[in-house]
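Position one of the sequence shown corresponds to residue 1484 (the working numbering), numbered consecutively onward. Note sheet for the following structure.
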Amino acid sequence: MTSQIHEECGVMGIFGVPGAAGIVRTGLTFLQHRGQEGCGIAYADKSGEITLEKGLGLVSAVFPEGKANAWKGLNAIGHVRYGTFGGHGVENVQPFVFRRQSGAYATAHNGNIVNARELTAALSARGVLFSSSTDSELFGALIGESLKMGADVNAQLLSRVLSQVDGAFSFLVLTRDALYACRDKYGLRPLSVGRLADGYAAASETCALYALGATELRDVKPGEIVKLSKKGMESFSCSPGMRHATCAMEYIYFARPDSDIDGINVHAFRKETGKLLYRESPVEADMVIGVPDSGLSAAIGFSEESGIPMEMGLVKNAYVARTFIQPTQDMRLNGVRMKLSPVTSLIKGKRLVVIDDSIVRGTTSGKLIQMLREAGAAEIHMRITSPPLKNPCYYGVDISSRKELISASKNVDEVCRFIGADTLAFISEEGLKKAGKNTGMCLACFNCEYPTDIYSHSMVAGGLDEMS
């Protein structure tokens, strides 16, 4: 129930399928958990003209049922946003559409550019104007500068553009004749491609592909550009030094449990963390309960490994949004009681193991424990499926300061006392790696080992206050 972490966005693209905009709209509803602030769809007609529709709010509100189905065209991209870089106005909602003499193109980005300020300053010095305050617009601006040399948007041009960008990106580019799916050389943010009817689909998570009836082909590899066109699927390299460093929080919290990221099912990963938590930090108790939603899979694993029965001790109000995505801290804290209700008749007098995904400031965990005490719990043993969060993230997760993180200044015992639990334990980094089959994850928010050189020498001492 990570109520103080905000995460990035979600991207969706369709190429070569009639009614592409309506399909993108459906796909975005399955990525809504990745951003609830705003959404947009850019779609291309037969002539290659690109039309943009966007607004603030949920997909269902911005694009009512049937609206997008009326938009003609075989190709479209879409985006759901939670902004952590720039303001919260509609001007920052993606996709962005850029019009040049060679033709229009649209872009959608999930992640964060750590050298955004340097790139923006260089482009501004050359007279480039920006219409938003989000770093995501940089991609389109860099492409536009390259187009001044006379070439059309193509994989080679994108490779040169993306080589200038450092940080995290899952990035879609829609042109009149192709859809490009690009992933940063660390693979920090997920991106997959699939086959849909006679065309293709690309999405931040495979759950959106499965929901559309697409056949998943594969993940876009770190440092790869996948071109989807009438010629089929083509692969190009955009960055040297590729390696897997997928954000660990994608597995722990952000992604839906029915998604697969780099060959690992999210539910299976979380279930394994629950098993490993019991092995690392066993406890005697009467009942295991998971904090919805991300704690439920781990609670199953903890229960299976320990033999302690799992019960639905907390009920989630399905009509209240994920509290971490609420735009203000007061709204997030007030949302805890609105979001979750303890089942008093089940937990009264019981020794509970409560499985949650992380502890950020500790205030939300404290409120949860207070609710369980008021409901009559005899003991509360917190088990957390991530290591202690100690460091800011600059790759698309809105943790911009160590001051926001209770574990940056308190040890486990001190955090335990602060939240009011009887015992508290976090999974180890080794356990997290084991759950991920040692495929490679970014653990920087736990151990300060950032994958990007630019972060380590220019931002660790204070750097940017806001990131996207």
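Quick reminder that beta carbons are idealized off the backbone N, C-alpha and C, glycines included. Just so we're clear, the structure is a prediction, and the values are computed from it rather than from any experiment.
Within 8 Å, strictly: CB atoms of residue i and residue j
i, j, result
"G1650", "Y1878", "yes"
"G1773", "E1755", "no"
"A1904", "M1854", "no"
"C1721", "S1619", "no"
"D1702", "D1745", "yes"
"A1801", "T1827", "no"
"F1929", "K1886", "no"
"Q1647", "L1625", "yes"
"K1831", "K1799", "no"
"S1653", "L1640", "no"
"L1779", "V1819", "no"
"C1522", "V1576", "yes"
"L1835", "A1768", "yes"
"H1727", "T1922", "yes"
"I1842", "I1867", "yes"
"G1561", "R1659", "no"
"P1578", "A1599", "no"
"L1514", "V1545", "no"
"E1913", "L1926", "no"
"E1732", "V1880", "Checking the sequence, you will find Met at residue 1732 rather than Glu. Yes. Within cutoff."
Close Cβ partners of residue i (< 7 Å) along its chain, the five nearest in sequence each way excluded
i, result
"S1718", "E1707 and V1709"
"L1695", "I1506, T1509, G1510, L1679 and A1684"
"L1692", "S1675, G1677, A1684, A1686 and E1699"
"P1825", "G1796, L1797, M1854, L1855 and A1858"
Buried/exposed call for residue i, threshold 16 Cβ in 10 Å
i, result
"M1924", "buried"
"S1543", "exposed"
"R1583", "exposed"
"C1931", "exposed"
"K1668", "buried"
"L1760", "buried"
"P1871", "buried"
"T1806", "Because T1806 carries a pLDDT of 47, less than 50, the predicted location of this residue cannot be relied on, and the following value inherits that uncertainty. By the neighbour-count rule (16 or more Cβ atoms within 10 Å), T1806 is buried."
"S1607", "exposed"
"M1632", "exposed"
"A1697", "buried"
"T1612", "For the sequence presented, residue 1612 should be read as Leu rather than Thr. By the 10 Å Cβ count, L1612 comes out exposed."
"G1518", "buried"
"N1894", "exposed"
"P1875", "buried"
"A1860", "buried"
"S1615", "buried"
"E1520", "buried"
Same chain only: Cβ atoms within 6 Å of residue i, ignoring 5 sequence neighbours per side
i, result
"I1533", "A1525, A1527, V1580, A1587 and A1589"
"A1661", "K1710 and S1712"
"A1680", "V1500"
"F1498", "N1558, L1662, G1682, Y1683 and L1711"
"G1505", "A1551 and N1552"
"G1946", "Note that G1946 has pLDDT 35, beneath the 50 cutoff, so the model's placement of it is unreliable and no number is given."
"V1889", "At residue 1889 the sequence reads Ile, which differs from the Val that was named. Closer than 6 Å at the Cβ level, and outside the excluded window around I1889, lie R1844, G1845 and V1898."
"G1556", "A1503, Y1526, A1527 and D1528"
"A1638", "I1708, K1710 and F1719"
"F1901", "G1845"
"A1781", "R1753, T1756, G1757, I1838 and T1868"
"G1496", "I1560, L1655, L1662 and A1685"
"W1554", "A1504 and Y1526"
Boundaries of the alpha helix (DSSP H) in which residue i is found, first to last residue
i, result
"E1763", "V1749 to E1763"
"M1854", "T1846 to E1857"
"C1899", "V1895 to I1902"
Residue i, enclosing beta strand (DSSP E) - first and last residue
i, result
"N1598", "Premise fails: N1598 is in no beta strand (DSSP E) and is neither H nor E."
"R1701", "T1698 to D1702"
"D1839", "R1834 to D1839"
"R1564", "N1558 to R1564"
"Y1693", "Per DSSP, Y1693 belongs to no beta strand (DSSP E); it is in the alpha helix (DSSP H), T1689 to A1694."
"G1510", "Looking at the DSSP string, G1510 is not in any beta strand (DSSP E); the run it does join, the alpha helix (DSSP H), is A1503 to T1512."
"K1917", "It is not in any beta strand (DSSP E) - K1917 instead sits in the alpha helix (DSSP H) that spans E1912 to A1918."
"S1824", "L1823 to P1825"
"S1789", "Per DSSP, S1789 belongs to no beta strand (DSSP E); it is in the alpha helix (DSSP H), S1777 to S1789."
Integer Cβ distance of residue i from residue j, believed to fall under 8 Å
i, j, result
"G1919", "F1752", "6 Å"
"G1538", "V1494", "Wrong, their Cβ atoms sit about 17 Å apart, outside the cutoff."
"N1593", "C1492", "4 Å"
"R1739", "H1516", "6 Å"
"E1787", "S1742", "Contact flag wrong, Cβ pair sits at about 22 Å."
"A1908", "S1764", "3 Å"
"L1621", "L1645", "The Cβ separation is near 11 Å, so there is no contact."
Cβ-based neighbour list, residue i, same chain, cut-off 8 Å, excluding 5 preceding and 5 following
i, result
"M1716", "V1676, Y1683, L1700, V1709 and K1710"
"M1770", "I1791, P1792, M1793, E1794, G1796, L1829, I1830, K1833, R1834, L1835 and V1836"
"S1892", "R1885"
"G1849", "F1901, I1902 and G1903"
"D1635", "S1585, G1586 and T1658"
"G1724", "K1668 and G1706"
8 Å Cβ cutoff, residue i in contact with chain B
i, result
"Y1526", "This model lacks chain B altogether; it includes just one protein chain."
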